[in-house]
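Per mature numbering (1 follows the signal peptide of the UniProt record, and there is no 0), the sequence shown runs over residues -17 to -1, 1 to 227. Here's the structure, in structure tokens; my notes come after.
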Amino acid sequence: MLRLLLICCLFATAAGADIVRLAVGLAKPPYVEAGGNSGLEVALALATLRLAGHQPLVVQLPQARGLAMLDSGRVDAMLSLVPGSLEGVFYSQPLLHYRNRAIVLQGSGIVLTQLSQLAQYRVVAFQNARRLLGDDFRRTVERAPSYAEQGDQDIQNKMLFNHRVDVVIGDELIFHANPTQRDLNNRSQAVLSYALFPSSPRHVGFRRERLRQDFDNALLQLKGSGEYERIQQFYRDKYQLPRN
């Protein structure tokens, strides 16, 4: 019965459904795909909103603009936030967790068991990593032979596979979803991921508390029905992502 209810909620667009304008960021596979209407994180949010009886309307735009529109009420909700991103916003339970990892080539022989070891290697990380990953990380990479922050995942992957850096710091799923997985000679190289950082919960921010509560209740139902896991599995298969 719950499965039947879930299917009805996911695909029915009742005339009286409340339209929810949902801001999503620019393409960042596997979480957000081009166009903004698909991707792991987007699919989970859309399924949850529909299960809650709402009709989502996706608006794709850069994060800074999305936050401004959420603040002014021009959108009703926004992915992918951490509590404190914006005052006066009601944050959902975690929709999913990002998995920041230290990623190295398996053939490099690098073994990382603690954060301080990064000081020995050439490191590239995502933008604002020094601010977001804490003071210990900032102090460590200040001692590294080289350190850079790069917002283009394709460039990060090329730097690693072509031995221009030793370690990439970033979300493991974003790394593997990027199509660049070979060096300039088209050689494939296995990688290893080290969990030096805690997982980062990502939330949906809402303008209205009642809408946040609707979302949280529906998210529990989505998980209980197995649909949450089915959506995750779809994107794991699509991008050939590691499970753990």
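C-beta atoms are modelled at their ideal positions from N, C-alpha and C, and glycine is treated no differently. Since the model is a prediction, treat every value here as computed from it, not as a measurement.
Check: What is the DSSP secondary structure of Ile152, reduced to helix, strand or coil?
Finding: Counting from 1 along the sequence shown, the entry for residue 152 is found at position 169. Residue state, collapsed to three classes: strand.
#### Entry: Reduced DSSP category for Gly22 - H, G, I as helix; E, B as strand; rest coil
Residue 22 sits at position 39 when you count from the first residue of the sequence shown. Of the three classes helix, strand and coil, the one that applies to Gly22 here is coil, per DSSP.
Report task. Compute the Euclidean distance between the alpha carbons of Thr123 and Val151, then round it to the nearest angstrom. Result -> The count along the sequence shown starts at 1 and reaches residue 123 at position 140. The count along the sequence shown starts at 1 and reaches residue 151 at position 168. Straight-line Cα distance between these residues: approximately 14 Å.
Checklist line | From Leu32, Val25 and Ile93, residue whose alpha carbon lies closest to that of Ile214 | finding: Numbered from 1 along the sequence shown, position 231 holds the residue referred to as residue 214. Here the closest residue by C-alpha is Val25.
(message) I need the DSSP call for Tyr74, collapsed to helix, strand or coil.
(response) In the sequence shown, counting from the first residue as 1, residue 74 sits at position 91. Of the three classes helix, strand and coil, the one that applies to Tyr74 here is strand, per DSSP.
So, do the region 173 to 190 and the region 127 to 135 have three or more beta carbon pairs nearer to each other than 8 Å? no
* Asked: Thinking just about the alpha-carbon of each residue, which of Leu23, Gly19, Ala6 and Leu34 is nearest to the one in Ser208?
  -> Residue mapping note: residue 208 aligns to position 225 of the sequence shown, counting from 1. For the residues Leu23, Gly19, Ala6 and Leu34, the minimum Cα distance to Ser208 belongs to Leu34.
| For Pro225, which three-state DSSP category applies? | Along the sequence shown, one-based indexing puts residue 225 at 242. Pro225 falls in the coil class under three-state DSSP.
Task: DSSP three-state assignment for residue 301, whether helix, strand or coil - done: Past the edges of the chain, shown from -17 to 227, lies residue 301, and the structure says nothing about it.
| message | Taking 7 Å as the limit between beta carbons, can you name the residues of its chain near Leu156, skipping five residues before and five after? | response | One-based indexing of the sequence shown puts residue 156 at position 173. Cβ within range, chain order: Pro13, Arg82 and Leu224.
*What is the residue span of the beta strand (DSSP E) that Asp59 lies within?*
Translated into positions along the sequence shown, residue 59 becomes position 76. Where Asp59 is concerned, there is no enclosing beta strand (DSSP E), given that its DSSP letter is neither H nor E.
How should Glu212 be labelled, buried or exposed, when 16 other C-beta atoms within 10 angstroms of its C-beta is the threshold for buried?
Your numbering for residue 212 matches position 229 in the sequence shown. Counting Cβ neighbours within 10 Å, Glu212 comes out exposed, since fewer than 16 surround it.
request  = Express the C-alpha separation of Tyr104 and Arg147 in angstroms, rounding to a whole number.
outcome  = Numbered from its first residue, the sequence shown carries residue 147 at position 164. Numbered from its first residue, the sequence shown carries residue 104 at position 121. So the two alpha carbons sit approximately 11 Å from each other.
Looking at Ala28: is its Cβ nearer than 8 Å to the Cβ of Leu78? Within the sequence shown, numbered from 1, the residue matching residue 28 stands at position 45. Within the sequence shown, numbered from 1, the residue matching residue 78 stands at position 95. Closer than 8 Å, so yes.
| C-alpha distance - Val7 paired with Gln172, whole-angstrom precision | As a position in the sequence shown, residue 7 is number 24, starting the count at 1. As a position in the sequence shown, residue 172 is number 189, starting the count at 1. Roughly 33 Å between the two C-alpha positions.
_What residue range does the beta strand (DSSP E) around Arg185 cover?_
Translated into positions along the sequence shown, residue 185 becomes position 202. For Arg185, the enclosing beta strand (DSSP E) begins and ends at Ser183 to Phe189.
In angstroms, rounded to a whole number, what distance separates the CA positions of Leu203 and Asp154? For the purposes of this step, residue 203 is taken as the residue at position 220 of the sequence shown. For the purposes of this step, residue 154 is taken as the residue at position 171 of the sequence shown. The alpha-carbon atoms of Leu203 and Asp154 are separated by roughly 25 Å.
Practice prompt. Give every residue of the same chain whose Cβ lies closer than 6 Å to the Cβ of Gly18, excluding the five residues on either side of it in the sequence, and list them in chain order.
Written response: Taking the first residue of the sequence shown as 1, we reach residue 18 at position 35. Within the same chain, Gly18 has no close Cβ partners at all.
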